[in-house]
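Those letters in the sequence shown? Residues 1 to 413, per this note's numbering, in order. First comes the structure, then the notes that go with it.
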Amino acid sequence: MTDAPLPGVFQLTPLNPEFSDDPHVLLDRLRSECPVHRDDQAGTFILTRHTDVRGVLSDTTMWRSPERAEEAALIQRALVEQRIEGIRMSEEEARSGILLMDEPDHMRIRAPFAKALYKRVAKCKALVQRVVDQWLAPLEGKARFDAMGDFALRVPIDVIARILGVDESRLDEFREWSEGAILGLNPFRSEEETQRFVVCANAMSVYMGELMARRRAAPQDDLTSDMMQLQADGAPLGDGEISNNLQGLLIGGNLTTTDLIGNAIWLLLRNPEQLAKLKADPSLINNTVEEVLRYESPVDITGRIAPRDMEVGGCPVKQSQSMFMSLRGANRDPAAFPDPHRFDIARKDAPHVAFGGGLHLCIGAPLARLEAQVALLTLFERFPTLRLAEPDAKPQWRAMPFFRGLKELVVEA
Numbered sequence: 001m002t003d004a005p006l007p008g009v010f011q012l013t014p015l016n017p018e019f020s021d022d023p024h025v026l027l028d029r030l031r032s033e034c035p036v037h038r039d040d041q042a043g044t045f046i047l048t049r050h051t052d053v054r055g056v057l058s059d060t061t062m063w064r065s066p067e068r069a070e071e072a073a074l075i076q077r078a079l080v081e082q083r084i085e086g087i088r089m090s091e092e093e094a095r096s097g098i099l100l101m102d103e104p105d106h107m108r109i110r111a112p113f114a115k116a117l118y119k120r121v122a123k124c125k126a127l128v129q130r131v132v133d134q135w136l137a138p139l140e141g142k143a144r145f146d147a148m149g150d151f152a153l154r155v156p157i158d159v160i161a162r163i164l165g166v167d168e169s170r171l172d173e174f175r176e177w178s179e180g181a182i183l184g185l186n187p188f189r190s191e192e193e194t195q196r197f198v199v200c201a202n203a204m205s206v207y208m209g210e211l212m213a214r215r216r217a218a219p220q221d222d223l224t225s226d227m228m229q230l231q232a233d234g235a236p237l238g239d240g241e242i243s244n245n246l247q248g249l250l251i252g253g254n255l256t257t258t259d260l261i262g263n264a265i266w267l268l269l270r271n272p273e274q275l276a277k278l279k280a281d282p283s284l285i286n287n288t289v290e291e292v293l294r295y296e297s298p299v300d301i302t303g304r305i306a307p308r309d310m311e312v313g314g315c316p317v318k319q320s321q322s323m324f325m326s327l328r329g330a331n332r333d334p335a336a337f338p339d340p341h342r343f344d345i346a347r348k349d350a351p352h353v354a355f356g357g358g359l360h361l362c363i364g365a366p367l368a369r370l371e372a373q374v375a376l377l378t379l380f381e382r383f384p385t386l387r388l389a390e391p392d393a394k395p396q397w398r399a400m401p402f403f404r405g406l407k408e409l410v411v412e413a
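Laid out in structure tokens, this is it:
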């Protein structure tokens, strides 16, 4: 035990070099010394123990909307009060993302989306394989390439674009808008990044409105048409609600699935004995993806707000107080996972919380899993001698608060 103050939310981001290098030095300390820690600076509790995190996430009475948070909850209140100049979209579209929405509106919107999306995912393995093949083909014959920029970044954007029904002729623009729109997830973005975000968010919104109008008039075999048909059949969904959440599938799924694939490649190359296991028994691919999600989750935290005075992990929490669940900390809890800091693709009974839980379980989880499974098996089949170009180099993690992914991953074939 040390006399140093316990870390708060602002120290648990990649902007803190100590956290970026190894988050678990700080998270293990928090879990050991104060698993339900009150961060007065940020006005929130930080939960790091698996049983507490899972319990809160599974509680369907918990609030998600930042508008319900007390004034002291700085990050939650900032989400409510932020107004980005130049964003041109309706109030309905701007405020209808299911990620931060409570009942009954949350399930009113989520249920039809999930129904349509999961039908698409169930029959899109061949599509994912085509996209993976498309991006691997130009890399064959290269002695060296960036597995992040040349591959992991490319696959998720193109898969969701094709599921949505984006015109082939507009794919390059769509990729550019997607990358720019992701900047909106960074609360510490620069003025230049904010300007790029505004341009891309507006362009994406306009395009989505046009695509919805075309699919309403002439349906095609894609998710946008599915949503237009559900609306026509009586699903209580406004155009702004459909547009926002179709874009949300793209933005959320793009960043996190890119990092899932990239983190998986890095971990397998750093642990050649685990890669050898997977090559010897490709049926381990599902387990492999789940262990990557546990061991190096793309998402650091998720939030909830107490709907009543309650007790969490023996600590009193008052109504409207904010709680941040450390998904990363919970996924390395030794009480839930034996030898938690060991990467083991044959690990059994590992109920990670990388996708959150409860009513707000990540809606894109099945698609992310599928993309990672296909991408990894195909990559290592096509490049059987793949290795890190600089195996002893310190990994460079992207400075995106509350997410974890590599800036680049240079490999040699």
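A virtual CB, placed ideally from N, CA and C, is assigned to each residue, including glycine.
- If you ignore the 5 residues before and after Ala-346, its C-beta comes within less than 8 Å of the C-beta of Lys-277, Leu-284 and Asn-287, all in its own chain and listed in chain order.
- Per DSSP, the continuous beta strand (DSSP E) segment holding His-37 begins and ends at 36-39.
- In this structure Thr-257 is buried. Its beta-carbon is surrounded by 16 or more other beta-carbon atoms within 10 angstroms.
- Taking a C-beta distance under 8 Å as the contact criterion, Leu-15 and Pro-401 qualify as a contact pair.
- In this structure the segment 40-54 does not lie against the segment 104-116, because fewer than three pairs of beta carbons, one per stretch, are closer than 8 Å.
- Ile-305 places its beta carbon less than 8 Å from that of Ser-320.
- The way I'd put it, the segment 231-247 does touch the segment 205-213; three or more beta-carbon pairs between them come closer than 8 Å.
- Out of Ala-69, Glu-412 and Gln-129, the CA that lies nearest to the CA of Thr-378 is found in Gln-129.
- Nearest Cα to Ala-232 within the set Asp-222, Asp-221 and Ala-217: Ala-217.
- DSSP places Leu-47 inside the beta strand (DSSP E), whose first and last residues are 44-47.
- Counting only the Cα atoms, Gly-165 lies some 33 Å from Arg-144.
- A distance of 8 Å or more separates the beta carbons of Val-36 and Cys-362.
- When beta bridges are read from the DSSP output, Gly-358 appears opposite no residue.
- Cα atoms of Gly-184 and Arg-342: separation of roughly 34 Å, rounded to the nearest angstrom.
- Distance from the CA of Gly-329 to the CA of Arg-404, rounded to the nearest whole angstrom, comes to 13 Å.
- Taking all protein chains in view, the Cβ of Ser-190 is surrounded by fewer than 16 other Cβ atoms within 10 Å, so the residue is classified as exposed.
- Between the segment 218-230 and the segment 169-177, the count of Cβ pairs shorter than 8 Å is below three; the stretches do not touch.
- In this structure the segment 259-269 touches the segment 146-159; the number of beta carbon pairs closer than 8 Å is three or more.
- With a beta-carbon spacing of about 6 Å, Leu-406 and Pro-395 fall inside the 8 Å limit used to define contacts.
- Taking 8 Å as the cut-off, the Cβ atoms of Met-101 and Pro-307 do not count as close.
- Annotation for Arg-215: the continuous alpha helix (DSSP H) segment containing it runs 191-217.
- Counting other Cβ atoms within 10 Å of its Cβ, Tyr-118 stays below 16 and is therefore classed as exposed.
- In this structure, Ile-87 lies away from Val-9, with their beta-carbon atoms at least 8 Å apart.
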